[in-house]
Amino acid sequence: MTISPTVAVPAASTDHLASVDALIQGLADVGYIASKRIATALYMSVHLQKPILVEGSAGVGKTELALSTATLLGLPLIRMQCYEGLDESKALYEWKYGKQLLYTQILKDRMGEQLSDAKDMDAAMERLHGMGDLFFSEPFLEPRPLMKALREDNGCVLLIDEIDKSDEAFEAFLLEVLSAYQVSIPELGVMVAKTPPLVFLTSNNVRDLGDALKRRCLHLHIPLPDAALERRIVASRVPDIEATLAAQLVDFVQSLRTLDLRKSPSISETVDWARALILLNASSLDGEVVRDTLNVLLKFEQDIAAVEPQIVELIRRPVG
Amino acid sequence: MQDAMEDFFRALRAADVKVSPAEAIDAHRTVATVGFSDRELFKDALCATLAKTADEVVRFDDVFDTFFARDALTPAQPPPDHGDGDPMEGLPPEAAESELTRMIMQGDATGLAQAMEEAAERAQVSQIRLTTQRSRMSRRLLEEMGLAEIEAIISAARRLEGGGDAADRLEAGKRRLAAEATRYVERQHDLYASGSGKLLREELLARKALNAEGGIDPIDQAMMQALVRKMAKRLADRYSRRRNRARKGHMDIRKTLRKSMPYGGMPFEILWKTEKIDKPSIVCICDVSKSVAAAAQFLLSFLYSLNEVVDRLEAYAFSGRLISVNDILDDEHVDQAIFQVLRKIGFQQTDYGKSLEDFCENHLDHVDRHTTVIFLGDGRSNYADPRMDLMATIHKRARSVIWLNPEPESYWSQGDSVMHRYERFCHVAKTCNTLGQLERIIEDVLRTYVPH
Numbered sequence: 002m003t004i005s006p007t008v009a010v011p012a013a014s015t016d017h018l019a020s021v022d023a024l025i026q027g028l029a030d031v032g033y034i035a036s037k038r039i040a041t042a043l044y045m046s047v048h049l050q051k052p053i054l055v056e057g058s059a060g061v062g063k064t065e066l067a068l069s070t071a072t073l074l075g076l077p078l079i080r081m082q083c084y085e086g087l088d089e090s091k092a093l094y095e096w097k098y099g100k101q102l103l104y105t106q107i108l109k110d111r112m113g114e115q116l117s118d119a120k121d122m123d124a125a126m127e128r129l130h131g132m133g134d135l136f137f138s139e140p141f142l143e144p145r146p147l148m149k150a151l152r153e154d155n156g157c158v159l160l161i162d163e164i165d166k167s168d169e170a171f172e173a174f175l176l177e178v179l180s181a182y183q184v185s186i187p188e189l190g191v192m193v194a195k196t197p198p199l200v201f202l203t204s205n206n207v208r209d210l211g212d213a214l215k216r217r218c219l220h221l222h223i224p225l226p227d228a229a230l231e232r233r234i235v236a237s238r239v240p241d242i243e244a245t246l247a248a249q250l251v252d253f254v255q256s257l258r259t260l261d262l263r264k265s266p267s268i269s270e271t272v273d274w275a276r277a278l279i280l281l282n283a284s285s286l287d288g289e290v291v292r293d294t295l296n297v298l299l300k301f302e303q304d305i306a307a308v309e310p311q312i313v314e315l316i317r318r319p320v321g
Numbered sequence: 072m073q074d075a076m077e078d079f080f081r082a083l084r085a086a087d088v089k090v091s092p093a094e095a096i097d098a099h100r101t102v103a104t105v106g107f108s109d110r111e112l113f114k115d116a117l118c119a120t121l122a123k124t125a126d127e128v129v130r131f132d133d134v135f136d137t138f139f140a141r142d143a144l145t146p147a148q149p150p151p152d153h154g155d156g157d158p159m160e161g162l163p164p165e166a167a168e169s170e171l172t173r174m175i176m177q178g179d180a181t182g183l184a185q186a187m188e189e190a191a192e193r194a195q196v197s198q199i200r201l202t203t204q205r206s207r208m209s210r211r212l213l214e215e216m217g218l219a220e221i222e223a224i225i226s227a228a229r230r231l232e233g234g235g236d237a238a239d240r241l242e243a244g245k246r247r248l249a250a251e252a253t254r255y256v257e258r259q260h261d262l263y264a265s266g267s268g269k270l271l272r273e274e275l276l277a278r279k280a281l282n283a284e285g286g287i288d289p290i291d292q293a294m295m296q297a298l299v300r301k302m303a304k305r306l307a308d309r310y311s312r313r314r315n316r317a318r319k320g321h322m323d324i325r326k327t328l329r330k331s332m333p334y335g336g337m338p339f340e341i342l343w344k345t346e347k348i349d350k351p352s353i354v355c356i357c358d359v360s361k362s363v364a365a366a367a368q369f370l371l372s373f374l375y376s377l378n379e380v381v382d383r384l385e386a387y388a389f390s391g392r393l394i395s396v397n398d399i400l401d402d403e404h405v406d407q408a409i410f411q412v413l414r415k416i417g418f419q420q421t422d423y424g425k426s427l428e429d430f431c432e433n434h435l436d437h438v439d440r441h442t443t444v445i446f447l448g449d450g451r452s453n454y455a456d457p458r459m460d461l462m463a464t465i466h467k468r469a470r471s472v473i474w475l476n477p478e479p480e481s482y483w484s485q486g487d488s489v490m491h492r493y494e495r496f497c498h499v500a501k502t503c504n505t506l507g508q509l510e511r512i513i514e515d516v517l518r519t520y521v522p523h
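Line by line, the protein sequences give chains A and B.
Sequential numbering from 2 applies to the first sequence in our numbering.
Sequential numbering from 72 applies to the second sequence in our numbering.
Structure (structure tokens):
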């Protein structure tokens, strides 16, 4: 491995990376409440310079972690959303075909002048080879997210979102980028990043990722939070909320998660719900408010139908 | 620490957490970065480097706790109750030479633990593979520690005048040491070998005939379920890989020229040849009648797992009549789903003709030239009309028809089996009565017959 020992980050933010506790504190300051495991994984990823693969169900804060880290470290965030059919011309680079064609037009116009005084064909060819070949050169390169990330000289946070939605071929293509922080462009050669970016990959487990990719990454699974952690998250994200309401609401959501639902509410739903309740000026949970706002929390008709008759009971039931 | 880490990796591998050499290197770098003063940090950091799925995280936690708890687990040897005299008193003179005797008599727990670790290294206790090796291993461990020496001293002490008391104490110490050694070996077994027994059982299960007398042991049921699921997932992974074909990178001249018209023939916008992605579909028809009762449960659980992983699977079950079981498979948990299907339609008289008729009447539109039709059944039609014409229709419409029969080929067309007649309308007809076979066949099938 020929990677320089540390990710270059602005000097002010290095003290955030001094220890795991400092990292937790730093993330909390930018509004991300991280568990110890999350912070440790992030800490290791910075120090070992490995990408970090974040798994967990939808809405537990996978993408948010990358965003917050970028804010914390003061680095630009480059985001690449994956989907089926994503390929290197959208992820890495593309030639500016239009400009290339214009260039050939100009070339054609100029060619006559340039070659007019050549006495025969051989001399003309000689002269032609002598001209610089700009057709495949950096000015005609249209960088896409991955290349942009590698070209950031001061480092950046690269978020490859929902890698599981991309094709396997693309996953294989990523391996070079992730392990050596370089890309090969057939026409130009290998481009190596001056400063390796801090890479986050997120996955929803739509399909199993290949071992080769996993091996190159640190793995972090973000579970649904326990009640105490979730209360802190709600308090941090929705500062206006009263403590009693927050506690009530978190308890309700926690007990919803014990039910057998098609899609359990995750953190983002809890936060959305808290915001909705603030908008409605609710001071405490009661059956009617919950019934009216249940669609913020549950995203399937069957789930809503299953929960509705139990609302009153769920509100009363203390958790644990 | 290097050795301890190597042992830890081995323990992890035994627990089915994959640790490659590259990850081992990462782990060492991790340790170098975080150190091991903070146990929690050490654990979390290692976990991030080594465990790569949610399952592996759970297993990692278990192994970590067992592995690094072992020093704490060794209970201190109770110091022998001896008053203030010399603990070695009453023993023969050669006892003074024996380090082990001294440690036992003085109750030097740390020394003993260390001696045991060293002896374990020499006896290669961590190479333990099978449950049955345990007693031999503890014996060897004690021998390495110097059991023979202790026994010689005990018998010498008994011969001495007034040495009986000291001999008794040493004897008790020896027994404690033996118990300790057994516990130690037990832990090593848990760490390094508990997984291999399970693997062995899984291997046997994969080879067990599914329609064997009595079917599958209830005890193995859960394991089989997991095995089937793993298998279906593996197949589906490979299968879905096939359907995503990247475009080939050829320029589409025709489209490009057409697009260039507005620019006076200047091809500003280049268009590429794309390939249509052809998602395959599977129709699976499963016999759950009396004659295949033992295999039915297995076939259904396979169907269930396949349904979980393949996007476009139409599942049908039949014995006398045929019904679609998609909804049941979608909505219910696996045990419940199998039970419900069997209750609804299972264990009746088979009637292949009637069932095919049902299928063609109601569901034939699911079969087109992209569809692979898989029959799971024994082809025993109770002498009723097998309706070859309908089978021919399906054969003509479908891309391929595959028949998997739990009976061996020599039974086909004996008695009421019309398997050989159906076989004519199948692209593949194979015997399949173990999990291993099923996996192999389905894999072949997917490789050869799935549309590209």
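Glycine included, every Cβ here is placed at the ideal spot set by N, Cα and C.
Around Gly182 of chain B, the same chain offers Met174 as residues with beta carbons nearer than 7 Å, after the five sequence neighbours per side are excluded. A check of alpha carbon separations from Phe141 of chain A across A:Glu188, A:Ile312, A:Ala23 identifies A:Glu188 as the nearest. Taking 7 Å as the cut-off, the Cβ atoms of Asp449 of chain B and Pro479 of chain B do not count as close. Contact between the stretch 247 to 266 of chain A and the stretch 219 to 232 of chain A is present, with at least three C-beta pairs closer than 8 Å. According to the DSSP assignment, His220 of chain A belongs to the beta strand (DSSP E) that extends over 219 to 222.
The criterion of a C-beta distance shorter than 7 Å is not satisfied by Ile53 of chain A and Phe174 of chain A. The Cβ atoms of Arg470 of chain B and Thr443 of chain B sit closer than 7 Å to each other.
Where Glu480 of chain B is concerned, there is no enclosing beta strand (DSSP E), because DSSP gives it neither an H nor an E. Runs of the beta strand (DSSP E) lying entirely within the stretch 159 to 217 of chain B and spanning at least 3 residues: none are present.
When C-beta distances to chain B are compared with 9 Å, the residues of the stretch 44 to 67 of chain A below that value are Tyr44, Met45, Ser46, His48, Leu49, Lys51, Ile53, Leu54, Glu56, Gly57, in chain order. Using beta-carbon distances, Tyr98 of chain A counts as an interface residue toward chain B, with a partner under 7 Å. For the stretch 102 to 113 of chain A, the beta-carbon criterion of a distance under 9 Å to any beta-carbon of chain B is satisfied by Leu102, Leu103, Gln106. Boundaries of the alpha helix (DSSP H) around Gln303 of chain A: 302 to 308.
Chain A has no Cβ within less than 7 Å of the Cβ of Lys425 of chain B.
Chain order gives no chain A residues near Asp132 of chain B, where near means a beta carbon separation below 7 Å; the closest approach is about 11 Å. The beta carbon of Ala42 of chain A sits closer than 7 Å to some beta carbon of chain B. For Met322 of chain B, there is no enclosing beta strand (DSSP E), as DSSP marks it with neither H nor E.
Between Val363 of chain B and Ala388 of chain B, the C-beta gap is not smaller than 7 Å, which leaves the two residues out of contact. When only Cα atoms are considered, Leu278 of chain A and Ile234 of chain A end up about 16 Å apart.
The stretch 202 to 209 of chain B makes no contact with the stretch 219 to 231 of chain B: fewer than 3 CB pairs, one atom from each, lie closer than 8 Å.
Each residue's CA atom was taken as its position, placing Asp439 of chain B and Leu260 of chain A some 41 Å apart. For the pair Gln311 of chain A and Ile199 of chain B, the Cα-to-Cα distance works out to about 54 Å.
The stretch 150 to 190 of chain A contains, as complete alpha helix (DSSP H) runs of 4+ residues, the segments 169 to 181 (chain order). Neighbours of Met337 of chain B in chain A, taken as residues at a C-beta separation under 9 Å, are given in chain order as Gly99, Leu102, Leu103, Gln106. Among the CB atoms of chain A, one or more fall inside 7 Å of the CB of Lys123 of chain B.
In this structure, the beta-carbon distance from Gly190 of chain A to Leu76 of chain A does not fall below 7 Å.
Annotated as distal: Glu177 of chain A and Leu214 of chain A, with beta-carbon spacing of 7 Å or more. Between the C-alpha atoms of Arg217 of chain A and Glu432 of chain B there is a straight-line separation of about 53 Å. Glu314 of chain A: member of the alpha helix (DSSP H) spanning 312 to 317, first to last residue. Under the 8 Å Cβ criterion, the stretch 122 to 133 of chain B does not count as touching the stretch 244 to 262 of chain B, having fewer than three qualifying pairs. Taking a C-beta distance under 7 Å as the contact criterion, Val299 of chain B and Phe373 of chain B qualify as a contact pair. Proximity of His17 of chain A to chain B, defined by a Cβ-Cβ separation below 7 Å, is not satisfied. In the three-state reduction of the DSSP assignment, Leu260 of chain A falls in the coil class. Think of a sphere of 7 Å around the beta carbon of Ser108 of chain B: no beta carbon from chain A falls inside it, the nearest being about 12 Å out. DSSP places Cys355 of chain B within a strand segment (E or B) once states are collapsed to three.
Rounded to whole angstroms, the Cβ separation of Leu147 of chain A and Ala92 of chain A is 5 Å, and the two are in contact under 8 Å.
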